[in-house]
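Residue numbers (our numbering): 5 to 605. Backbone N, C-alpha and C fix where the C-beta goes; we use that ideal spot for every residue, glycine too.
Structure (structure tokens):
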């Protein structure tokens, strides 16, 4: 399993400095902003390149100052984060004021941005466009249609027992077998656990963190690139345009001692694709059927599905066909996987414990036992680390980093994640059926102030569904600026002046999620012609409503969407094409996303 590089690059700012920062293929201007009083360091991760601006000096990853060393001497109170614009990558961009040239000296067309009225995306898509170009164009349309209020790319911040060494992953996976430690027993505390042990019964990160101790995906992936690497499947090839063949390891056993077979893997793929039992149905690809053939697995597709192998790293887990189909077993409360840990106890919503699988086919892990606890509140979760009751905690608050760092027994790890945080505006409901109103909400929310004051600069503002560095990200799109006057004018144009809306938010699922929702709602409520209140929700209950009938779904809600494939298709297709997560309907966007699924990479 491939670890993520250490989070040693630091981004800081001198209030008067301006330096050019080379990111991937593009040269981008890093313009400093005055530091927030308690600003923490901020890590820039773009296309696998780590760069540092330290006190106005551009540094490569090789030259970067270790964050841990810096915080030991300076603490978070002395750190400041520069906001680095990525809009100039590729064909250029700018701040979008009028012709798209703007302050970044970009040359691309970008988003036309008159001083009033709707923001538009005017780029044309050629008839022979590549798959990536199609995805870039859909991102442009999504920016213009504004189905979401675009907020930020989330940073994952973990607290660690000082006796545990672990490289935090951008995909947010917590795989205890990757821990380097002398501790025999590990306790992980996160905001929520899971309501089922069925590996395809839930598609949320807290769920995967638990079941992935025991179950394994078909392929693993490099954390930086999303590139598939071998795991249960050792070789994979596309034998025909709509057929792929998988070669399997021959030394794998399930926890009950039975050998893994090709029939088990074929069954696992088909089960993951079955909407009657699976929350990830369709995410692996447009699959007709998987079958066992001469010890291999052959997957027949209904369309090209260019990301089929990337998808196999993220969706579906290997289960035993005979065990699942046996009347005496319950896959929702029991585990029988091929992974490094076996289930010891499952107390729904409270605790899940594991013991080491001594017959694991791979290297296995150092700890003999693992326990996952649910501690929804940030303070008690932090205290459990500092008090020695937890060895790893999720979602350390930026304001708590110095407290954790100053402890003799704990430290922290952070990484820019693959998760996009945004506010969904469901166009099936008024007033969100109006493009003018949806764009108005984007102009109403002051995202930079939220990132600075609530997240202490642990976040990068977004402009579209696909994150920087992922396939299909459109480098010509600039974030919506904060413009309350323009927001009020667009509300008037929408015909929904006086609208009263409710923003639903989970509590404790994402980094400072409820605080972010409170701030966004307050800024919307400050408009003269809209009022907005917050409804705090338990995460699993909120998700249950989102995947239910659209008539039961909230019209306006905060959510985070992780993209383990690092591809624009998974960033957009679940939300904009027919399925349980569709919350916006646009014929052109849906058709282009379907077209992208037919173009070979």
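Item to check | Whole runs of the beta strand (DSSP E) within the segment 185 to 230, excluding any shorter than 3 residues | outcome: Those beta strand (DSSP E) runs which fall completely within the segment 185 to 230 and span 3+ residues are 189 to 194.
Checklist entry - For residue 398, is the classification buried or exposed, using 16 other Cβ atoms within 10 angstroms of its Cβ as the cut-off for buried? => result In the chain shown, counting from the first residue as 1, residue 398 sits at position 394. Result: buried.
Item to check | Residue range of the unbroken beta strand (DSSP E) whose run includes residue 345 | outcome: As a working note, residue 345 is residue 341 in the chain shown. First-last of the beta strand (DSSP E) with residue 345: 345 to 351.
Item to check | Selected residue, minimal CA-CA separation from residue 402, among 443, 439, 458 | outcome: Here residue 402 is taken as the residue at index 398 of the chain shown, counted from 1. Considering only alpha carbons, the answer is 458.
Next on the checklist: Could you check if residue 202 belongs to the surroundings of the ligand MN, using beta carbon to heavy atom distance under 7 Å?
Outcome noted: The ligand MN is absent from the structure shown, which contains no ligand whatsoever.
Item to check | Three-state secondary structure assigned by DSSP to residue 232 | outcome: Translated into the one-based positions of the chain shown, residue 232 becomes position 228. Three-state result, residue 232: strand.
Checklist entry - alpha helix (DSSP H) containing residue 574: first to last residue? => result Numbered from 1 along the chain shown, position 570 holds the residue referred to as residue 574. Its alpha helix (DSSP H) spans residues 572 to 580.
Checklist entry - I think residue 429 touches residue 152, with their Cβ atoms under 8 Å apart; what is that distance to the nearest whole Å? => result Translated into positions along the chain shown, residue 429 becomes position 425. Translated into positions along the chain shown, residue 152 becomes position 148. Right, their Cβ atoms sit about 6 Å apart.
Item to check | Among 127, 301, 385, the one whose alpha carbon lies nearest that of residue 237 | outcome: Reading the chain shown from its first residue, position 233 is the one you call residue 237. Among 127, 301, 385, the Cα nearest to that of residue 237 belongs to 301.
Checklist entry - Under the three-state reduction of DSSP, which class applies to residue 120: helix, strand or coil? => result Within the chain shown, numbered from 1, the residue matching residue 120 stands at position 116. Three-state result, residue 120: coil.
Item to check | Minimum length 4: unbroken alpha helix (DSSP H) runs contained in the segment 496 to 521 | outcome: Runs of the alpha helix (DSSP H) lying entirely within the segment 496 to 521 and spanning at least 4 residues: none are present.
Item to check | Contact set for residue 556: own chain, Cβ-Cβ below 8 Å, skip 5 residues either direction | outcome: Position 552 of the chain shown, counted from the start, is the residue given in the question as residue 556. Take residue 556, set aside five residues on each side of it, and the residues of its chain with a beta-carbon closer than 8 Å to its own are 549, in chain order.
Checklist entry - From the DSSP output, which residues share a beta bridge with residue 561? => result Locating residue 561 in the chain shown gives position 557, where the first residue counts as 1. Under DSSP, residue 561 shares a beta bridge with 428, 508.
Checklist entry - Based on Cα-Cα distance, which residue from 377, 192, 184 lies nearest to residue 396? => result As a working mapping, residue 396 is identified with position 392 in the chain shown. Relative to the Cα of residue 396, the nearest Cα in the group 377, 192, 184 belongs to 192.
Item to check | DSSP three-state assignment for residue 159, whether helix, strand or coil | outcome: Walking along the chain shown from the start, residue 159 turns up at place 155. Looking at residue 159 - three-state DSSP - the assignment turns out to be strand.
Checklist entry - Who are the near neighbours of residue 503 in its chain, counting only those whose CB is closer than 6 Å to its CB and skipping five residues on each side? => result Taking the first residue of the chain shown as position 1, residue 503 is located at position 499. 435, 534.
Checklist entry - Hey, how far is the Cα of residue 184 from the Cα of residue 480? => result Residue 184 sits at position 180 when you count from the first residue of the chain shown. Residue 480 sits at position 476 when you count from the first residue of the chain shown. Rounded to whole angstroms, residue 184 to residue 480 spans 42 Å at the Cα level.
Checklist entry - Ends of the beta strand (DSSP E) at residue 305? => result Numbered from 1 along the chain shown, position 301 holds the residue referred to as residue 305. Residue 305 -> beta strand (DSSP E) spans 300 to 305.
Item to check | Length of the line joining the Cα atoms of residue 454 and residue 483 | outcome: By 1-based counting over the chain shown, the position of residue 454 is 450. By 1-based counting over the chain shown, the position of residue 483 is 479. Taking the straight line from one Cα to the other gives about 14 Å.
Checklist entry - Identify the residues that DSSP records as bridge partners of residue 465: which are they? => result As a first step, residue 465 is located in the chain shown; it is residue number 461 there, counting from the start. Paired residue(s): 156.
Checklist entry - Comparing the C-beta of residue 246 with each C-beta of chain B, is any distance below 8 Å? => result Going by chain labels, chain B is absent from the structure shown, which holds only one protein chain.
Checklist entry - Does the separation of the CB atoms of residue 147 and residue 465 fall below 8 Å? => result In the chain shown, the residue the question calls residue 147 occupies position 143. In the chain shown, the residue the question calls residue 465 occupies position 461. Cβ distance not < 8 Å, so residue 147 and residue 465 don't count as in contact.
Checklist entry - Tell me which same chain residues have a C-beta within less than 7 Å of the C-beta of residue 160, skipping the five on either side of it? => result One-based indexing of the chain shown puts residue 160 at position 156. The residues 172, 176, 418, 419, 421, in chain order, have a CB closer than 7 Å to that of residue 160 in the same chain once the five nearest residues on each side in sequence are set aside.
Checklist entry - Where does residue 317 fall in DSSP's three states? => result Counted from its first residue, the chain shown places residue 317 at position 313. In the structure shown, residue 317 adopts coil according to DSSP, grouped into three states.
Checklist entry - Start and end of the alpha helix (DSSP H) containing residue 388? => result By 1-based counting over the chain shown, the position of residue 388 is 384. Counting along the chain, the alpha helix (DSSP H) containing residue 388 begins and ends at 382 to 390.
Next on the checklist: According to DSSP, simplified to helix, strand and coil, what is residue 544?
Outcome noted: Counting from 1 along the chain shown, the entry for residue 544 is found at position 540. Look at residue 544 here: in three-state DSSP terms it is helix.
Next on the checklist: Whether or not the segment 316 to 328 and the segment 274 to 291 are in contact is what I'm after, with contact meaning three or more pairs of Cβ atoms, one per stretch, closer than 8 Å; do they touch?
Outcome noted: Touching, yes.
Item to check | Three-state secondary structure (DSSP) of residue 419 | outcome: By one-based count along the chain shown, residue 419 stands at place 415. Looking at residue 419 - three-state DSSP - the assignment turns out to be strand.
Checklist entry - In its own chain, which residues sit with a C-beta less than 6 Å from the C-beta of residue 372, not counting the 5 before and 5 after it? => result For the purposes of this step, residue 372 is identified with residue 368 of the chain shown, where counting begins at 1. 188, 360.
Checklist entry - In the structure shown, what three-state DSSP assignment does residue 597 receive? => result One-based indexing of the chain shown puts residue 597 at position 593. Residue 597: helix per DSSP, three-state reduction.
Item to check | Alpha-carbon spacing of residue 262 relative to residue 202, whole angstroms | outcome: The residue given as residue 262 occupies position 258 in the chain shown. The residue given as residue 202 occupies position 198 in the chain shown. About 19 Å.
Checklist entry - In whole angstroms, what is the alpha-carbon distance linking residue 439 and residue 591? => result Start at 1 with the first residue of the chain shown, and residue 439 comes out as number 435. Start at 1 with the first residue of the chain shown, and residue 591 comes out as number 587. Going by C-alpha positions, residue 439 is about 15 Å away from residue 591.
Item to check | When 431, 400, 389 are compared against residue 414, the one with the closest alpha-carbon | outcome: Reading the chain shown from its first residue, position 410 is the one you call residue 414. Closest in C-alpha terms to residue 414, from the list 431, 400, 389, comes 389.
Checklist entry - How would you label residue 126, buried or exposed, when you count the other beta carbons within 10 angstroms and need 16 or more for buried? => result Reading the chain shown from its first residue, position 122 is the one you call residue 126. With fewer than 16 Cβ atoms within 10 Å of its Cβ, residue 126 is classed as exposed.
Checklist entry - According to DSSP, which residues form a beta bridge with residue 239? => result By 1-based counting over the chain shown, the position of residue 239 is 235. By DSSP's assignment, residue 239 forms a beta bridge with 251.
Checklist entry - Taking Cβ positions, are residue 270 and residue 296 nearer each other than 8 Å? => result As a working mapping, residue 270 is identified with position 266 in the chain shown. As a working mapping, residue 296 is identified with position 292 in the chain shown. The answer is yes: Cβ separation under 8 Å.
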